[in-house]
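In this note's numbering, each number is its position in the sequence shown, counted from 1, plus 207. We put the beta carbon where it would ideally sit given N, CA and C, even for glycine.
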Amino acid sequence: NTVLHSLNKTTELHSLNKNTELHSMNQITELHSMNQITELHSLNKTTELNSLNKTTELYSLNQITKLHSLKEITEPLSYSLNQNTELHSLNLTTELNSLNTNTELHSMKKTTELHSLNQNNELHSLNLNTELHSMNKTTELHSLNQNNELHSLNKTTELHSLNKNTELHSLNQNNELHSLNQNNKLHSLNLTTELNSLNSNTELHSLNQNTELHSLNKTTELHSLNKNTELHSMNQITELHSMNKSTEHHTLNKTTELYSLNQITKLHSLKEITELHSLNKTTELHSMNKTTELHSLNQNNELYSLNLTTEPLSFTNDCGGHDLHPLNLTTELHSLNSNTELHSMNKNTERHSLNKNTELHSLNKTSKLHSLNQITELFLMNKTTEHNSLKQITKLNSLKEITELHSLNKTTELHSMNKTTELHSLN
Numbered sequence: 208n209t210v211l212h213s214l215n216k217t218t219e220l221h222s223l224n225k226n227t228e229l230h231s232m233n234q235i236t237e238l239h240s241m242n243q244i245t246e247l248h249s250l251n252k253t254t255e256l257n258s259l260n261k262t263t264e265l266y267s268l269n270q271i272t273k274l275h276s277l278k279e280i281t282e283p284l285s286y287s288l289n290q291n292t293e294l295h296s297l298n299l300t301t302e303l304n305s306l307n308t309n310t311e312l313h314s315m316k317k318t319t320e321l322h323s324l325n326q327n328n329e330l331h332s333l334n335l336n337t338e339l340h341s342m343n344k345t346t347e348l349h350s351l352n353q354n355n356e357l358h359s360l361n362k363t364t365e366l367h368s369l370n371k372n373t374e375l376h377s378l379n380q381n382n383e384l385h386s387l388n389q390n391n392k393l394h395s396l397n398l399t400t401e402l403n404s405l406n407s408n409t410e411l412h413s414l415n416q417n418t419e420l421h422s423l424n425k426t427t428e429l430h431s432l433n434k435n436t437e438l439h440s441m442n443q444i445t446e447l448h449s450m451n452k453s454t455e456h457h458t459l460n461k462t463t464e465l466y467s468l469n470q471i472t473k474l475h476s477l478k479e480i481t482e483l484h485s486l487n488k489t490t491e492l493h494s495m496n497k498t499t500e501l502h503s504l505n506q507n508n509e510l511y512s513l514n515l516t517t518e519p520l521s522f523t524n525d526c527g528g529h530d531l532h533p534l535n536l537t538t539e540l541h542s543l544n545s546n547t548e549l550h551s552m553n554k555n556t557e558r559h560s561l562n563k564n565t566e567l568h569s570l571n572k573t574s575k576l577h578s579l580n581q582i583t584e585l586f587l588m589n590k591t592t593e594h595n596s597l598k599q600i601t602k603l604n605s606l607k608e609i610t611e612l613h614s615l616n617k618t619t620e621l622h623s624m625n626k627t628t629e630l631h632s633l634n
């Protein structure tokens, strides 16, 4: 019994030692597992801190790249708008200068034409005076009866010359009044064109101000969105940058094409204006040639009438007889008839020249109206191109907003996936 009792004691002690050893082993394993858990927790903390630092660095890089891309987008747009406004203002100033030069040339031509008409009238009056003086010299050789008749004829010729002078004076006054009316009309047209140009400049200035305010609002909205946004991937940023580059190239090509079209239309209008100017030059030269031909014909007719009058007079002086008195009367009547015919021909030529001048004046009026209509059409085309460019800019802004929303959705999805992976790892 004692042996069994001692054996039982030893077995109990041995079992107690085993239990204590197992308990100590379990405690050691628990401590080791706790240490491993704490190490894993600390590793997770360090990885989270590293990931947070990485995200902040990426966010700062994304903000820097966005600001850089916005600067690259806004600078060429502002530069192109300023260039377009400067070119539009230069074109308007050149058009006004060309119109003023055309009006000055037209007024100079009118003054030279009036001066030439006055000179021609003076020469014509001098020729008439010399003819009357020569006729008076020849009439002194006749008898008292012929002197009385010639005195009456001189009275009639003086009255005729006075009537001619009064008619020429009235024509000159009418021409001066017509030129003054034309100058007043051209002055009013220049004033209207200046007012239209000022209105167009103010409209362009207001449009530029509106576009600047719109762009500032867009930049502030984009800045606020960038503040509110979180992570963006570098690949998406590079894709957006490439898309912006392609759209900028496309818009630049569109602007260059529109600029070239405007240049072509301007050159076409300038060619039409030069053609009309050359036509006016040719018509003026044609009218001057016609007037010189008529003047030469009048001189030839006058010389022919003088020869007819002098030949019978010289024949009577050589013979010394009084039987050729009716021949002299017939020659005088013939010369009077020829003078009346020449006077009627001159009247007809003056009316024909006045009709030609009125036709040329109407043609110039139609050409001016045609040029004004072309200028208005070009102005409307420029307006439509500006509207189209604004529409394209709005489309690009909408595309940018859509891509930004898409990137925001991508970032939120990535953020949610990271959250789910963290929760899964913790579980």
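Backbone secondary structure at residue i - three-state DSSP
{"i": "Asn645", "result": "Only positions 208 to 634 of the chain appear in the structure, and residue 645 is not among them; the question remains open."}
{"i": "Glu383", "result": "helix"}
{"i": "Lys617", "result": "helix"}
{"i": "Ser623", "result": "helix"}
{"i": "Glu356", "result": "helix"}
{"i": "Asp530", "result": "Any reading at Asp530 needs caution, since the residue's pLDDT is 48, under 50, leaving its predicted position unreliable; the model's value is listed next. Correct three-state label for Asp530: coil."}
{"i": "Glu347", "result": "coil"}
{"i": "Asn336", "result": "helix"}
{"i": "Asn178", "result": "Examination of residue 178 is not possible in this model, given that the chain is present from 208 through 634 alone."}
{"i": "Asn634", "result": "coil"}
{"i": "Leu571", "result": "In the sequence as displayed, the identity of residue 571 is Asn instead of Leu. Asn571: helix per DSSP, three-state reduction."}
{"i": "Asn372", "result": "helix"}
{"i": "Asn208", "result": "coil"}
Nearest candidate by alpha-carbon position, reference residue i, set the options
{"i": "Glu383", "options": "Asn325, Ser341, Asn589", "result": "Asn325"}
{"i": "Asn304", "options": "Leu223, Thr400, Glu491", "result": "Thr400"}
{"i": "His456", "options": "Leu603, Thr373, Ser578, Asn251", "result": "Leu603"}
{"i": "Ser314", "options": "Gln389, Ser551, Ser395", "result": "Gln389"}
Length of the line joining the Cα atoms of residue i and residue j
{"i": "Leu576", "j": "Thr292", "result": "26 Å"}
{"i": "Asn562", "j": "Thr556", "result": "10 Å"}
{"i": "Ile271", "j": "Leu420", "result": "24 Å"}
{"i": "Gln470", "j": "Glu374", "result": "52 Å"}
{"i": "Ile609", "j": "Leu615", "result": "10 Å"}
{"i": "His631", "j": "Asn625", "result": "10 Å"}
{"i": "Asn508", "j": "Leu515", "result": "11 Å"}
{"i": "Ser377", "j": "Leu357", "result": "30 Å"}
{"i": "Thr418", "j": "Lys452", "result": "21 Å"}
{"i": "Leu297", "j": "Thr472", "result": "16 Å"}
{"i": "Arg558", "j": "Thr565", "result": "11 Å"}
{"i": "Ser350", "j": "Asn487", "result": "58 Å"}
{"i": "Leu360", "j": "Asn334", "result": "18 Å"}
With 16 other Cβ atoms within 10 Å as the buried cut-off, status of residue i
{"i": "Leu510", "result": "exposed"}
{"i": "Thr269", "result": "This sequence places Asn at residue 269; Thr is not what is there. Asn269 is buried by the Cβ-count criterion."}
{"i": "Leu223", "result": "exposed"}
{"i": "His529", "result": "Interpretation of His529 is limited by its pLDDT of 48, a score under 50 that renders its predicted location unreliable; the figure taken from the coordinates is listed afterwards. His529 should be labelled exposed."}
{"i": "Ser273", "result": "A small fix is needed here, since residue 273 is Lys in this sequence, not Ser. The residue in question, Lys273, is buried, as its Cβ has 16 or more Cβ neighbours within 10 Å."}
{"i": "Glu410", "result": "exposed"}
{"i": "Leu612", "result": "exposed"}
{"i": "Asn242", "result": "exposed"}
{"i": "Thr236", "result": "exposed"}
{"i": "Glu670", "result": "The chain is shown only over 208 to 634; residue 670 falls outside these bounds and no answer can be derived."}
{"i": "Leu299", "result": "buried"}
{"i": "Glu228", "result": "exposed"}
{"i": "Leu288", "result": "buried"}
{"i": "Glu539", "result": "buried"}
{"i": "Asn354", "result": "exposed"}
{"i": "Leu306", "result": "buried"}
{"i": "Leu214", "result": "exposed"}
{"i": "Leu447", "result": "buried"}
{"i": "Asn589", "result": "buried"}
Beta strand (DSSP E) segments (min. 3 residues) lying fully within the stretch 214–258: none
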